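A quick write-up on the structure given underneath.
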Amino acid sequence: MRQSIYGLDEYEMLQNLAGYILEQPSIPTPPPQIRAQIYVIFATNSLVESDVNGVFPAQPSLKEGDYKRFQIRPVGRLVPVAAPQPQLNASPTVRTLRPVRSGQAYRIMSPPVRGLVTPELAEALETLFEKFAGDRHFTPENPLEISFSRGFKAGSHGHGEGRAADIVAVGSKSLLEWKQEWDRAIAAAETISDLQQKSEAIAIEQQCNLGYGLYKALQEYGGWHVNPGGWQPYRNVMQLFSPWTATEGPWKPMQIENPSFYQRQRLADQQWVFQAHQDHIHVAR
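Residue numbering for the sequence shown follows the working numbering, starting at 9 and increasing by one per position.
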């Protein structure tokens with residue numbers, strides 16, 4: 009029977025988590041003390057001698073006169089040695105991943121493996137979720153529900169390193185549903201001729217729409233990953249994308265007349281980002 013950790017069975021862990029370890033509660037244990045004696049055996053003559061063809065007698069003779077006593081004497085011992093300290097600038101060969109955990113005012117509803125990320129990203133999201141849920145008056149008795157669509161995923165840029173996560177639902181609704189409600193409310197507000205009434209209608213939707221609110225909170229928190237030379241669509245752009253990216257940033261639609269070849273690439277990259285994040289919030293650190 010396969011063993012599983014955070015929803016990954018043994019095969020998946022071998023295939024997808026090579027080079028990573030899952031963070032586990034640590035129980036301090038004293039370092040093992042190893043002491044051993046080393047001996048060297050000196051024989052004054054061999055027990056038996058082979059013939060020229062390398063064939064040994066089937067029943068070697070062990071009579072008193074055929075051998076002498078072995079001489080054994082200690083030549084040293086093993087003692088505990090402190091482990092070498094890693095260099096400060098050495099690159100880690102193993103990374104630690106852990107799931108994003110539930111807090112006081114919010115609860116993670118998706119399987120832990122979908123939120124399996126680096127501890128740095130997990131801690132940043134947990135801090136943001138707690139603050140956002142508290143600001144929206146959620147409590148331990150009535151927590152804000154949040155779900156991820158994926159966390160660690162082999163072969164995926166950002167996700168494959170455990171430094172990116174996709175938030176697919178908040179407050180029992182998908183991000184796609186929140187965006188659809190947002191579009192309807194904004195379209196209705198645009199029909200209002202009175203500017204004050206229009207502003208009030210938009211403000212109400214901004215306060216009630218948890219998908220929009222969570223995205224704006226992530227923008228305000230800041231500190232998300234910017235990759236200057238990595239995967240093409242994310243070059244020099246903060247990795248925070250959602251259905252609201254085109255209107256709210258951080259990468260609003262570029263308007264370029266007569267674009268160069270490089271600029272056409274960037275326009276294509278941006279269009280890909282807008283299309284790929286219509287139903288979730290992608291965030292990386």
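Where a beta carbon is used, it is the ideal one built from N, C-alpha and C, also for glycine.
No experiment lies behind these values; they were computed from the predicted model shown.
Nearest candidate by alpha-carbon position, reference Lys224, set Phe137, Glu131 and Gly111: For the purposes of this step, residue 224 is identified with residue 216 of the sequence shown, where counting begins at 1. Per the Cα distances, Phe137.
Figure out for me which residue from Asp287, Ser110, Leu124 and Gly231 has the closest Cα to the Cα of Ala173. The sequence position of residue 173 within the sequence shown is 165, counting from 1. If we check each option's Cα against that of Ala173, Leu124 comes out closest.
Neighbourhood of Asn235 by C-beta, 6 Å cutoff - its chain only, sequence neighbours within 5 removed: Here the question's residue 235 lines up with position 227 in the sequence shown. Result list for Asn235: Tyr242, in chain order.
Tell me which same chain residues have a C-beta within less than 7 Å of the C-beta of Gln112, skipping the five on either side of it? As a first step, residue 112 must be located in the sequence shown, where it is residue number 104. Excluding positions up to five away in sequence, the list reads Glu138 and Pro148.
Compare the beta carbon distance of Leu248 and Gln227 with 8 Å and say whether it is the shorter of the two. The count along the sequence shown starts at 1 and reaches residue 248 at position 240. The count along the sequence shown starts at 1 and reaches residue 227 at position 219. Contact: yes.
Is it the case that the Cβ atoms of Arg171 and Thr126 are separated by a distance below 8 Å? Counting from 1 along the sequence shown, the entry for residue 171 is found at position 163. Counting from 1 along the sequence shown, the entry for residue 126 is found at position 118. Yes; because the gap between Cβ atoms is below 8 Å, this pair is in contact.
Are three or more beta carbon pairs between the stretch 114-121 and the stretch 151-159 nearer than 8 Å? yes
For Trp252, the nearest candidate out of Phe140, Leu152 and Leu184 (CA to CA): Stepping through the sequence shown from its first residue, residue 252 is reached at position 244. Comparing Cα positions, the closest option is Leu184.
Phe269 - DSSP class collapsed to helix/strand/coil: Residue numbering aside, residue 269 sits at position 261 when the sequence shown is read from its first letter. In the structure shown, Phe269 sits in a helix (DSSP, three-state: H, G or I).
Residues sharing a beta bridge with Pro258, DSSP: Here the question's residue 258 lines up with position 250 in the sequence shown. According to DSSP, which records beta bridges pairwise, Pro258 is partnered with nothing at all.
Taking its Cβ as the centre, do 16 or more other Cβ atoms sit within 10 Å of Ala130, making it buried, or is it exposed? Residue mapping note: residue 130 aligns to position 122 of the sequence shown, counting from 1. So Ala130 ends up on the buried side.
Which same chain residues, not among the five before or five after Asn217, have their C-beta less than 8 Å away from its C-beta? Counting from 1 along the sequence shown, the entry for residue 217 is found at position 209. So the qualifying residues of the chain are Trp186, Glu189, Trp190 and Ala193.
Looking at Leu222: is its Cβ nearer than 8 Å to the Cβ of Phe140? Here residue 222 is taken as the residue at index 214 of the sequence shown, counted from 1. Here residue 140 is taken as the residue at index 132 of the sequence shown, counted from 1. Cβ distance < 8 Å, so Leu222 and Phe140 count as in contact.
The alpha helix (DSSP H) that contains Glu208, what's its start and end? Locating residue 208 in the sequence shown gives position 200, where the first residue counts as 1. Here the alpha helix (DSSP H) through Glu208 covers Leu203 to Cys216.
Would you say Trp259 and Gln278 are within 8 Å of each other, going by their C-beta atoms? Position 251 of the sequence shown, counted from the first residue, corresponds to residue 259. Position 270 of the sequence shown, counted from the first residue, corresponds to residue 278. Yes.
Could you spell out the range, first to last residue, of the beta strand (DSSP E) harbouring Pro107? For this step, residue 107 is matched to residue 99 along the sequence shown. Taken as a continuous stretch (DSSP letters only), the beta strand (DSSP E) holding Pro107 covers Arg103 to Pro107.
Could you check what DSSP says for Phe156 in three-state terms: helix, strand or coil? The residue you call residue 156 lines up with position 148 of the sequence shown. Strand at Phe156.
Which listed residue (Gly237, Phe146, Gly219 and Ser268) has its alpha carbon closest to that of His290: Against the sequence shown, residue 290 aligns to sequence position 282. Nearest C-alpha to His290: Gly219.
Buried or exposed by the 16-neighbour rule on C-beta atoms within 10 Å, applied to Ile175: Residue mapping note: residue 175 aligns to position 167 of the sequence shown, counting from 1. By the neighbour-count rule (16 or more Cβ atoms within 10 Å), Ile175 is buried.
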